[in-house]
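Scroll down for the structure; my scribbles are underneath it.
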Amino acid sequence: MNGSSCVWSSRMPSLILLALVSLPVAAAPVIAPNPPEQRFEDLLYAPPTMIHVWDGGPAVPFVYPQRLISRIDRRFEEDRLHPAALSWFARGRLVTGGQTPLLLLGADSYGRDLFSRLLFGGRISLSLAVLSALCAVVIGALLGGIAGYAGGWVDGLISRSSEFLLVLPTMYVVLVLRAVLPLVLAPGTVFVLLTMIFAALGWPIVARGTRAIIAAERHREYVEAARAVGISPVGLLLRHLLPAASGYLASQMTLLIPAFILAEATLSYVGFGFPPNTATWGTMLHDTANVLLVADVPWLLAPAVAIFLTVLGVNLLVQASGRPPVQLEG
Amino acid sequence: MSRFLVQRLFFCAVLIVIVASSALLLTRLAPGDLTTGLGSQATAREVSDARARFGLDRPIMVQWAAWAARAVRLDFGESFRYQQPVAPLVLQAAANSAILAGAALFVATFAGVGLGIFTGSRRGVMPAIVRAVSVAAVSMPPLLTSLALLFLAARTGWFPVGGMSSSDAGQQGQQWNELAAHLPLPVLALALPIAATFERLQSAAISEQIHQPFVTAAAARGVPPARLVLRHAWPVSVKSVAAIYGVAAGSLLSGSFAVEFVTAWPGLGRLMYDALQARDLYLVAGCAAVGGAVVSLGMLLGDVLLALSDPRVREME
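Chain order of the listed sequences is A and B. Numbering-wise (our numbering), the first sequence opens with residue 9 and increments by one. Numbering-wise (our numbering), the second sequence opens with residue 160 and increments by one.
This is the structure we're talking about:
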């Protein structure tokens, strides 16, 4: 019908934007020109490598190696004598500079490729956010469903505790919970802990909405019918009642993901997130703490742009589905 | 109404007690304690003295009870890191945060509601531009906005970079000038996404109301368009903004943490961060208590605004 195609076209820009961010991130090992941990010792804070397509006439894309002119001024110059053609599909990577470092977004304080780190870091940041949102939605749906279906003191207990968690300023609670854990942990452990903390703080908002939907649905005729043929309460909740809330749950999921991306970024920025040498969008933002440095090396802000584009994509998606975007915690 | 108010006040009191107590207990249970701050040169005697002075040698619940008994008399103990009573430290930081958050809420309310009325009631190029900027701004959380603005400030020198005042500001009169110079950047960073949220909500609510029969009827009576929007449609639509005022106050507190950190604003978030890192447990608890009080205040403010903007809510209670 006309209606559905209209919905698709209004969602198209946001979906394209989200695909532009998430697909390269998912395909990081292929797309990233350099390993994320590789240090180019003479290219600390090097600017982005320019790709040339004009050499007296049209030419196959090539780059010039960057030569350090002054370490103290962070000044670099293209070495015009040694042009290097880009090498495509070599060693399992889409494009590399061959022997010449290809730094599409410049280098960070250790001379590591920011573009590659952005892609690999996005894998941690995005998967953490998606996984946490999924956990929060599952927990919230179950608890909210139970509260709405059972009523009585169970409802009271679940509703009061979710209301209590809802009014707390999330960032501070995350901060306290993370700060009281050992500060130096392996990245994998941090990932699991942050998922648990985020899920523990994200479920109440989901539970509150789900509870309202289930409480309204359980008096409907189809529920009576299902009960009349002898379905168990668990089956009724999972098979018949929760599907009624699926649209709401999906929309909550899309709202939680950007909130969690930001929470990770803020935590890692202040040094309570992932260890500093692990590439995530938050730990990369930590490099921007020195403002005067950033004024000279603006490409350090690349993770901020990546976060912005992701959040923008989600907000456009929300906007396209007819609800005004609401700035959640962060 | 009064019963509702009593319930709410009770909830707020419980909130503050639970938040402050759990902050204290969690910090006590965390690995490491404040004696780590003494350094590796500290003798065993110094460490045990410090532990005794801050009650760390007593069982956890005994320590909590002693703290709670003093806290009800508004004595929140002593900070290890600053070697000062907690209360004035926390209040000073909370005042700094309040300046920031209050200014941001003020800016966000006027800019957001004003622009929302404009975009919701008009068609054309200008509203479309505002709308696009607004959707982008909702996606610019305070962490990103403050980074971007700081970058701009460092590049152009339009604003001082970070802090609440330059160190050489001595005299009283100068302090206000300093504050006025340092305030715009963090306020803008904090206010932008909230203003955008208000704008979107207000815009949606106004454009919904403007097609209601009572507005059409007023238009038929010859009420001029500007008056139609401001005196007829807006009062009915404002509750959609008022409804999320409490949430906005909460997100202001969360957002101000990032802004305070990035712009080195000496507020509550920064103090709490330092306290957590130093395992300065009475200071952590004090910050949490004030944070709980701020959240409670935001909730009450939201309720009052909702009651003011929607007569039905008033009648219900």
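Heads up, the beta-carbon is just placed ideally off N, CA and C, and yes, glycines get one too.
Annotated as distal: Trp223 (chain B) and Tyr441 (chain B), with beta-carbon spacing of 8 Å or more.
With a threshold of 16 other beta carbon atoms within 10 Å, Gln334 (chain B) falls short and is exposed. Look at Thr288 (chain A): its C-beta is not under 8 Å from any C-beta on chain B.
Unbroken alpha helix (DSSP H) stretches of 4 residues or longer found wholly inside the segment 134 to 206 of chain A: 160 to 175 and 178 to 187, given in chain order. A direct Cα-Cα distance of roughly 26 Å separates Arg125 (chain A) from Ala187 (chain A).
Residue-level contact by beta carbon fails for Leu275 (chain A) and chain B, as no gap is shorter than 8 Å. Per the DSSP secondary-structure output, Thr104 (chain A) pairs in a beta bridge with A:Ser95. The beta carbon of Ala223 (chain A) is closer than 7 Å to those of Gly156 in its chain, skipping five residues each way along the sequence. By the rule that beta-carbons nearer than 8 Å mark a contact, Gln327 (chain A) touches chain B. Around the beta carbon of Glu358 (chain B), 16 or more other beta carbons lie within 10 angstroms, which makes this residue buried. Of all residues in the segment 202 to 228 of chain A, none is placed with a Cβ closer than 8 Å to any Cβ belonging to chain B. By the Cβ neighbour-count rule, Pro212 (chain A) is buried, with 16 or more other Cβ atoms within 10 Å of its own. Under the three-state reduction of DSSP, Val61 (chain A) is assigned to strand. In the structure shown, Ala172 (chain B) adopts helical secondary structure according to DSSP, grouped into three states. Ranking A:Arg247, A:Arg120, A:Tyr180 and A:Ala35 by CA distance to the CA of Pro56 (chain A) puts A:Arg120 first. Under the Cβ distance rule, Ala303 (chain A) counts among the residues neighbouring chain B, one pair being separated by less than 8 Å.
In the assembly as shown, Pro372 (chain B) is an exposed residue. Its beta-carbon has fewer than 16 other beta-carbons within 10 Å. Ile80 (chain A) sits exposed, since fewer than 16 C-beta atoms from the chains shown fall within 10 Å of its C-beta.
With respect to the 8 Å criterion, Lys398 (chain B) and Asp469 (chain B) are classified as neighbours on the basis of their beta carbons. Counting of Cβ neighbours within 10 angstroms places Ser254 (chain A) among the exposed residues, the total staying below 16. Between Val406 (chain B) and Ala392 (chain B), the CB-CB gap reaches or exceeds 8 Å. DSSP, read as helix, strand or coil, puts Pro41 (chain A) in coil.
Counting the other CB atoms within 10 Å of its CB gives Trp289 (chain A) a total of 16 or more, which places it among the buried residues. With distances taken between CA atoms, Phe416 (chain B) lies nearest to A:Val182 out of A:Ile154, A:Val182, A:Ser135 and A:Leu28. Bounds of the beta strand (DSSP E) holding Gln74 (chain A) are Gln74 to Ser78. Listed in chain order, the alpha helix (DSSP H) elements of length 4 or more contained wholly in the segment 366 to 411 of chain B are 372 to 379, 393 to 396 and 398 to 401.
The three-state reading of DSSP puts Gln243 (chain B) in strand, counting E and B together. Interface residue (Cβ-Cβ distance to chain B less than 8 Å): Ala187 (chain A) is classified as such. Contact note: Arg314 (chain B) reaches chain A through Ala303, using a C-beta cutoff of 7 Å and chain order. Residues of the segment 251 to 262 of chain A with a C-beta atom less than 8 Å from some C-beta of chain B do not occur. With distances taken between CA atoms, Pro190 (chain B) lies nearest to B:Asp439 out of B:Leu347, B:Leu467 and B:Asp439.
Counting only runs of at least 3 residues, the segment 251 to 319 of chain A fully encloses no beta strand (DSSP E) element at all.
The three-state secondary structure of Ala211 (chain B), taken from DSSP, is helix. Note that the C-beta distance between Leu270 (chain A) and Pro21 (chain A) is not below 8 Å. Residue pairing from DSSP places Phe84 (chain A) in a beta bridge opposite A:Leu76. Between the segment 31 to 40 of chain A and the segment 122 to 140 of chain A there are three or more C-beta pairs closer than 8 Å, enough to call the two in contact.
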